[in-house]
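The sequence shown: position 89 = 89 (full-length UniProt numbering), numbered continuously.
The beta-carbon is built from N, C-alpha and C at its ideal position, and this holds for glycine as well.
Remarks on the structure that follows.
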Amino acid sequence: MVKIAICDDETEFLDLLSDSLDSWCRAHQLTLQLYRFTNGDELISAHRAYGMDLILLDMIMPLLSGMDTARELRQHDPHVPIIFLTSSPEFALESYEVRTFWYLLKPLDEVRFHAVLDSWYEVHQASMAHFAARTDSGYQAIYFQDVEYLEAQNKNVLVTLKDGSVISIKEPFHQCETIFTVEKGFYKCHRSYIAALSCVEKFGKTSLFTKSGAQIPISRDNYANFKDVYFSYMFPQE
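This is the structure:
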């Protein structure tokens with residue numbers, strides 16, 4: 001399943017885009033969960049609540065423009081792919097400020113649009129990387145993008161997922177350190193905890209809070225480095 005949000009103030013274009021996305025998903029045998037919006041504020045709220053895999057965004061809209069919407073999205077999520085679909089080429093250069101995945105002009109060229117979706121899906125599949133963890137009931141695939149944090153508990157490790165569920169895996173914590181690395185978007189902030197950087201809502205010198213409200217300790221020796229790693233993750237250099 002892929003979760004895709006489309007935002008445009010023209011409902012006729014939303015209908016056209018919906019049909020094109022349905023066609024592309026059927027061709028790839030994908031289940032589409034589609035979210036439609038006519039203004040940026042609704043899109044921002046929905047993305048924070050549900051977490052989109054891809055956002056298709058009109059540039060020229062009343063109230064909150066596409067660029068302002070994208071800037072707001074980037075404050076909370078530096079990595080969600082954004083494709084701009086607009087009638088004007090004049091904002092193409094500016095769009096790279098928010099690290100746009102692609103910039104397409106209206107009217108929609110479906111062949112080109114589907115080629116761009118193919119490029120996005122290739123990247124998306126790579127982000128769906130996972131590892132097979134040992135549990136009491138056998139091996140279970142755990143997707144990195146689903147993980148909120150890990151906690152060492154005796155000889156097991158508790159993996160808390162973004163949906164609130166917890167999986168107890170029979171892996172040494174030191175082994176998890178070599179799997180859940182900074183390169184994959186994780187950081188060992190304490191001797192017993194590894195946190196997903198994308199899930200950090202706020203932090204201080206002794207602890208961080210995830211977007212779900214969980215409080216995770218930060219060891220004194222880790223704070224300075226954690227701060228550097230976190231800001232590098234949130235504001236990557238081009």
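Q: Whole angstroms is fine: what's the gap from Asp229's alpha carbon to Lys211's?
A: The question names Asp, but residue 229 in the sequence shown is Val. Rounded to whole angstroms, Val229 and Lys211 show a C-alpha spacing of 18 Å.
Q. For Ser65, which residues of its own chain have a beta-carbon under 8 Å away from its beta-carbon, when the five flanking residues on both sides are left out?
A. Excluding sequence positions up to five before and after Ser65, its CB lies within less than 8 Å of the CB of Gly40 and Met59, all in the same chain and listed in chain order.
Q | Expected contact under 8 Å - CB spacing of Trp120 and Pro81 to nearest Å | A | Approximately 6 Å separates the beta-carbon atoms of Trp120 and Pro81; this is inside 8 Å, confirming the contact.
Q. How big is the Cα-Cα spacing for Lys227 and Phe173?
A. So the alpha carbons of these two residues sit roughly 23 Å apart.
Q) Can Ala105 and Phe113 be called in contact, C-beta distance under 8 Å? A) Correcting the residue type first, residue 105 is Leu in the shown sequence and not Ala. In this structure, Phe113 does not lie closer than 8 Å to Leu105 by Cβ.
Q. By Cβ distance below 6 Å, which residues in the same chain neighbour Val200 in space, the five residues on each side in sequence not counted?
A. If we look at Val200 and ignore the five residues flanking it on each side, its Cβ neighbours are Leu208.
Q: Would you kindly report the start and end of the unbroken beta strand (DSSP E) that includes Gly138?
A: Looking at the DSSP string, the run of the beta strand (DSSP E) that includes Gly138 is Gly138 to Tyr143.
Q.
In whole angstroms, give me the CA-to-CA distance for His124 and Val159.
A. Straight across, the Cα-Cα distance linking His124 with Val159 is about 23 Å.
(Q) Closest to Phe37 by C-alpha separation, out of Val2, Asp8, His28 and Ala152, would be which residue? (A) Ranking Val2, Asp8, His28 and Ala152 by Cα distance to Phe37 puts Asp8 first.
**Q.** Contacts around Ser18, its chain only, beta-carbon distance under 8 Å, and the 5 residues preceding and following it disregarded
**A.** Within the same chain, Ser18 has close Cβ partners Ile6, Leu34 and Arg36.
Q: Could you spell out where the beta strand (DSSP E) holding Thr100 opens and where it closes?
A: Per DSSP, Thr100 lies in no beta strand (DSSP E) and is assigned neither H nor E.
Q | contact_flag[the segment 40-52, the segment 65-74] where n(CB pairs < 8 Å) is 3 or more | A | Touching, yes, given that three or more Cβ pairs across the two stretches are closer than 8 Å.
Q.
For a quick check, are the C-beta atoms of Ile4 and Leu16 less than 8 Å apart?
A. Not closer than 8 Å, so no.
(Q) Using a 10 Å radius around the Cβ and a threshold of 16 neighbouring Cβ atoms, would you call His130 buried or exposed? (A) With a threshold of 16 other beta carbon atoms within 10 Å, His130 falls short and is exposed.
Q: Can you check DSSP and say which residues form a bridge with Thr38?
A: Answer is none; Thr38 lacks a bridge partner.
Q: Please check the pair Ala195 and Ile216, which I expect to be a contact at CB under 8 Å, by giving their CB distance rounded to whole angstroms.
A: The Cβ separation is near 5 Å, so the contact holds.
Q. Can you name the residues that DSSP bridges to Thr86?
A. Partner(s): Leu105.
Q: Could you round the C-beta distance between Val2 and Asp53 to whole angstroms and report it? I think they count as a contact, below 8 Å.
A: So it is a contact: roughly 5 Å between Cβ atoms.
(Q) Short of 7 Å in beta carbon distance, which residues of its chain neighbour Phe101, apart from the five on each side in sequence? Order them along the chain. (A) Around Phe101, the same chain offers Pro81, Ile82, Ile83 and Trp120 as residues with beta carbons nearer than 7 Å, after the five sequence neighbours per side are excluded.
Q. Leaving out the 5 sequence neighbours to the left and right, which residues in its chain are closer than 6 Å to Val116 when beta-carbon positions are compared?
A. The residues are Trp102.
Q: Following the continuous alpha helix (DSSP H) through Ile179, name the residue where it begins and the one where it ends.
A: Looking at the DSSP string, the run of the alpha helix (DSSP H) that includes Ile179 is Phe173 to Ile179.
Q | Where Val166 falls, given that 16 or more other Cβ within 10 Å makes a residue buried | A | In summary, Val166 is exposed, with fewer than 16 beta-carbon neighbours lying within 10 Å of its beta-carbon over all protein chains present.
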